[in-house]
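Chains as they are written, first to last, in the working numbering: chain A, 1 to 610; chain B, 1001 to 1703.
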């Protein structure tokens, strides 16, 4: 390989390096996927892989879980702080401490240094969500934890291997602090195998170019990434944009929890300031700053359309500020277990703020983030069971298309668990899994529908539900209507009662849980919606003729359920005239979160219980 | 391919591979000769091209049609029906509460951060997905009895909507199919003309979305495939070709046309399988234990692993996915089809892939393609976007006089002008340096695909031989092999129609699978043996054995098992039943442990369970394909042209040979070997020779 002689030749090499680095991260990711044991890693792909240079800058990342990707720099920095001068070939380090590089206890980073000609040249890193690390509840994510000390094992930067020698004591400590040692230690093996894969491939790549040339290409790759990012941000209208979205509550008290953001777009850069967000809460919904960073990067990436490489160059134009001690930059002893939900809301707040700036890219708010339904217990024979179901979701309407129905939140690209598989591993029967008609916000492009999953418990179980958007609805964009609320009903068959969005309870055989996700927000004026699209939704049974009329001004002939185009036009014109006479305007912004008062009554009305 | 001398004169055989652009016909004659013929496909009715091709070849080579052993057919009819949404108007009956499973899928989307992604439209609209009151539990127990009146009403509603084909997929029907069977009987009795696909007949396997989607795909393409096969049968009879018509499946085996009409889900996406089967046959005949197949055409490149002469299988496949196949990281783009597939990776890199410069100045290749029309700039058919083929031409890799022996003229001047304007100019590079860059970037995505089937499955490509074919495969093969440390590349004769040859290598084969959830420790010998016996019967039926009296078969029983609590299973060949049951169970657990060790790197003493039973039926002593005829050589064996091999090597005057000119003893590269339908490019550092079966063999090192 000769040294690049021109910018063009360097561009070709840079492209080859980019492809090569991405391939290594993908190799590591597949390695984790292939060898891991837990459902969270396998089905939900709740893990990530990365390569870093010797300063800890990310030079490539595997594309697995969006909301996790941006948190690696903090973890690697913490490990470098501790071991920078004490790293040797054959070392492997780990960390999960939310207050020293981690995010929440189940996410454990496993990092291995790379040496070339006995010189420390970089790191390979993996992070995986582990099945259990002790604490109050199976899975180590109790919404009720008030302090991190209740949540499980907190691991500062510690070595798993020293110069190739396995630290048996550390593994024993890990095994002793989990309810499911086989699964957790199996997933550690998966991370270790992936790191070994990464180190080998990383070494081959440096060997091929020589260290100096490799570094030059990597530097160029990061610069190229930054340039691509800035170039696109420059096409955004400059200005300052703000929005406040809310979590329904913190799971302990009823008050909504504000997530506020003010975003300044200037000179190809973006500064996001989360001042005004709630102080940290006395439940486990607190974000570390690293996780807030990660949510922010994921949101910004969603808005950018270029094919931007995954590396630190992308982070450079983006600045995140969150006050210490707030829910988005929590301090000891905050609990962080269920902060995933807060992360989804950070993304919603960012999208909401940028709606006026980028109306053609921002969609109505989505389902609000996946719900966690955890079912655990002991079978009559003494065998333990515990499964976390991730229930999602829907996307909001957009400038050019309806919101997709039945998709995961953009922050977490997870799969569902097949009903038949679930029933083979849990004493539960699923009676229903499908769309809920007349949900989602109306719009020129409607929001995606609520999903409903109904369970009958076949024996005594511990049930825990973490959901949201029951009282604060997903916003719509412009004249697009807000989405529709989530709902939990629990009780004996036919006597179910409304439950809060977050709860834990012991349930007995024969009880039923009905969990409904929120419907997503609409985009643009429902009166402008194509009549055929309305008719199709009616034909498909996801929109009632009543709602076709009230929301869309579409008149259906009662006998045939066909659209009456003339009557529809008359109705729509009348409404537009009335709207104009009232002097109302609809700026293209995200709608205000729905006020609290409507909450229970509305949920009840929609569930058909009143 | 088996050497021709070893077998007595055999019956002639016909293979026909129908692709989107070309129909390839291969005939082996009774004297052991092999003939090929290529013609344009006839998309309006693909069977016309098939019959025209067969007619032409049997006339010109005096093949006696009535004495043909079989006609083996690979067809895109089912795939096209799905891609173009031209299947039957289909209805779906599900268990009450589960009509949306088909559309909810597994939720996961194939691409992160892209909210403009749109889910493929379900093949059955919600209005034609009706629920029936019934419910079977996880152990096959009836929770809610089937309400037949309700079912009858729902069927009536579907018929009123004009559906031609009905899929029935009920929860846990693999555990107790009686409700599906009852609905099937109702349909057969009251609506005998409607096509019916019952999920426990198509795929009696756990996971409701995958089973439902597969059953719906089956229902959707069934009338199309059945009428196509019926028409083709009639036309073959008209040619006096009365031999059985065998259809390629996605697992690389063949089944009778009658069996294919019953379960067309098994023949969807069979196109890529034939090339892998041809490679398997080649690998077996040459004694190559480990091979990587590399098949590059105009729009995509495909790659698969062949170990000990056999490909790997997977049941995780999606039809009509725009994303790369073969990576679990990007699932969710298409319609799940869980029948057995040859495990391969496909990337959108082909000769027609467009070379372009992004807004920040980075050179890119694909994913958009100039396709067959307008095609590369050099074809002169109106293409004005530079492609990989244009780059290859400018590098001297392709014959500037034209392709297909001059039948396709190439416009070098125009290719250069456009490439300079859109690629080399903006990069500030010489034409050839930029073209070489584009060639390498195209290689990079194919290297990633090859890694996804090798390195990502724990295999080291350096231990493998590459078998390269397809129109563009041999142009890129050696460069890619070098990057991966692959030391040997084989280019079979007629690389452009190699897939069609694979049809004649294929064996009659069927994989009958059934979910059977049992703890290994509590397996009952009697029950297990009877289940396997039943699966053997289903496998016979699946392959369509009734039409094949003279063929003898072997059976292979497998289980898919896991440690209790794991989410994924591993296939294990069942040990022969022993008298001592507990030692047999121990043997099975040991075999699983070994498989687990190979895959995951460790074993435990945890209890295990069986999830699926599988019986593979396979033809014994398949006829195979005779060796190729001597390829053509050219009088002017001393042709040379200037070929660019990158900055480090530069421009070299390179000998250009026809395959027939190539010596049986190694000669040093650089070298270009031209076939009628493909070009093999060998940079310096390799030795090249022709073996007695007419393969081009390229090995690292000098002669």
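Just so it is clear, CB atoms sit at the ideal spot from N, CA and C, and this is done for glycine as well.
Neighbourhood of residue i by C-beta distance below 6 angstroms, restricted to the same chain and skipping five residues each side
{"i": "residue 100 of chain A", "result": "78 and 156"}
{"i": "residue 57 of chain A", "result": "312"}
{"i": "residue 1685 of chain B", "result": "none"}
{"i": "residue 1260 of chain B", "result": "1247 and 1267"}
{"i": "residue 306 of chain A", "result": "228 and 232"}
{"i": "residue 71 of chain A", "result": "103, 290, 291 and 294"}
Cβ pair residue i, residue j closer than 7 angstroms
{"i": "residue 1062 of chain B", "j": "residue 1013 of chain B", "result": "no"}
{"i": "residue 464 of chain A", "j": "residue 504 of chain A", "result": "yes"}
{"i": "residue 152 of chain A", "j": "residue 173 of chain A", "result": "no"}
{"i": "residue 1264 of chain B", "j": "residue 1078 of chain B", "result": "yes"}
{"i": "residue 248 of chain A", "j": "residue 471 of chain A", "result": "yes"}
{"i": "residue 304 of chain A", "j": "residue 232 of chain A", "result": "yes"}
{"i": "residue 522 of chain A", "j": "residue 406 of chain A", "result": "no"}
{"i": "residue 355 of chain A", "j": "residue 474 of chain A", "result": "no"}
{"i": "residue 299 of chain A", "j": "residue 277 of chain A", "result": "no"}
{"i": "residue 520 of chain A", "j": "residue 394 of chain A", "result": "yes"}
Classification of residue i by the beta-carbon crowding that lies within 10 angstroms, buried from 16 upward
{"i": "residue 651 of chain A", "result": "Look at the range of chain A in this structure, 1 to 610, and you will see that residue 651 of chain A is not part of it."}
{"i": "residue 1318 of chain B", "result": "buried"}
{"i": "residue 197 of chain A", "result": "buried"}
{"i": "residue 616 of chain A", "result": "Residue 616 of chain A lies beyond the residue range present for chain A, which begins at 1 and ends at 610; the question has no answer from this structure."}
{"i": "residue 1606 of chain B", "result": "exposed"}
{"i": "residue 1405 of chain B", "result": "exposed"}
{"i": "residue 421 of chain A", "result": "buried"}
{"i": "residue 1161 of chain B", "result": "exposed"}
{"i": "residue 1713 of chain B", "result": "Nothing can be reported for residue 1713 of chain B, as the shown portion of chain B is limited to 1001 through 1703."}
{"i": "residue 605 of chain A", "result": "Unreliable placement is indicated for residue 605 of chain A, whose pLDDT of 48 sits below 50; the coordinate value is still reported in the next sentence. Classification for residue 605 of chain A: exposed."}
{"i": "residue 1640 of chain B", "result": "exposed"}
{"i": "residue 1005 of chain B", "result": "Model confidence at residue 1005 of chain B stands at a pLDDT of 41, short of 50, so the residue's coordinates are unreliable and nothing is read from them."}
{"i": "residue 1099 of chain B", "result": "buried"}
{"i": "residue 1018 of chain B", "result": "buried"}
Nonlocal neighbours in the same chain, by C-beta distance under 8 angstroms from residue i, ignoring five residues either side
{"i": "residue 1437 of chain B", "result": "1363, 1427 and 1429"}
{"i": "residue 1186 of chain B", "result": "1148, 1151, 1152 and 1155"}
{"i": "residue 492 of chain A", "result": "510, 511 and 512"}
Same chain, Cβ closer than 7 angstroms to residue i, neighbours up to 5 away in sequence not counted
{"i": "residue 1516 of chain B", "result": "1531, 1610, 1612 and 1613"}
{"i": "residue 1370 of chain B", "result": "1352, 1354, 1376, 1383, 1385 and 1387"}
{"i": "residue 22 of chain A", "result": "60"}
{"i": "residue 585 of chain A", "result": "none"}
{"i": "residue 1703 of chain B", "result": "1666, 1667, 1668 and 1687"}
{"i": "residue 1604 of chain B", "result": "1563"}
{"i": "residue 360 of chain A", "result": "399"}
{"i": "residue 1575 of chain B", "result": "1584, 1587, 1588 and 1591"}
Any non-hydrogen atom of the ligand GDP within 6 angstroms of residue i CB
{"i": "residue 1582 of chain B", "result": "Among the components modelled here there is no ligand, and therefore nothing to report on the ligand GDP."}
For the region 1335-1349 of chain B against the region 1251-1258 of chain B, are there 3 or more C-beta pairs whose distance is under 8 angstroms?
Counting Cβ pairs under 8 angstroms, three or more are found: they touch.
Evaluate the contact criterion for the region 199-214 of chain A versus the region 120-131 of chain A: three or more CB pairs, one atom per stretch, below 8 angstroms.
The region 199-214 of chain A vs the region 120-131 of chain A: in contact.
Does the region 1608-1620 of chain B come close enough to the region 1648-1658 of chain B to have 3 or more Cβ pairs within less than 8 angstroms?
Because the criterion of three Cβ pairs below 8 angstroms is not met, the region 1608-1620 of chain B and the region 1648-1658 of chain B do not touch.
Determine, using beta-carbon pairs with one atom in the region 1392-1401 of chain B and one in the region 1359-1375 of chain B, whether at least three such pairs fall under 8 angstroms.
Counting C-beta pairs closer than 8 angstroms gives fewer than three between the region 1392-1401 of chain B and the region 1359-1375 of chain B, which falls short of the contact rule.
Pair every Cβ in the region 191-207 of chain A with every Cβ in the region 285-302 of chain A, then say whether three or more of these pairs are closer than 8 angstroms.
No, the region 191-207 of chain A does not touch the region 285-302 of chain A.
Flag this pair as touching only if the region 418-435 of chain A and the region 449-465 of chain A have three or more C-beta atom pairs under 8 angstroms; answer yes or no.
Here the region 418-435 of chain A makes contact with the region 449-465 of chain A; the two share three or more CB pairs at distances below 8 angstroms.
Do the region 1637-1653 of chain B and the region 1468-1478 of chain B meet, that is, are 3 or more Cβ pairs less than 8 angstroms apart?
Touching, no, given that fewer than three Cβ pairs across the two stretches are closer than 8 angstroms.
So, does the region 74-93 of chain A touch the region 104-114 of chain A, judging by three or more C-beta pairs under 8 angstroms?
Because the criterion of three Cβ pairs below 8 angstroms is met, the region 74-93 of chain A and the region 104-114 of chain A touch.
Secondary structure, beta strand (DSSP E): runs of 3+ residues fully inside the region 1405-1431 of chain B
Fully enclosed beta strand (DSSP E) runs of 3 or longer: not present.
Runs of beta strand (DSSP E) lying entirely within the region 1002-1055 of chain B, each at least 3 residues, in chain order:
Fully enclosed beta strand (DSSP E) runs of 3 or longer: 1012-1018, 1022-1028 and 1034-1040.
Do the region 134-142 of chain A and the region 376-394 of chain A meet, that is, are 3 or more Cβ pairs less than 8 angstroms apart?
Enough Cβ pairs lie closer than 8 angstroms, so yes.
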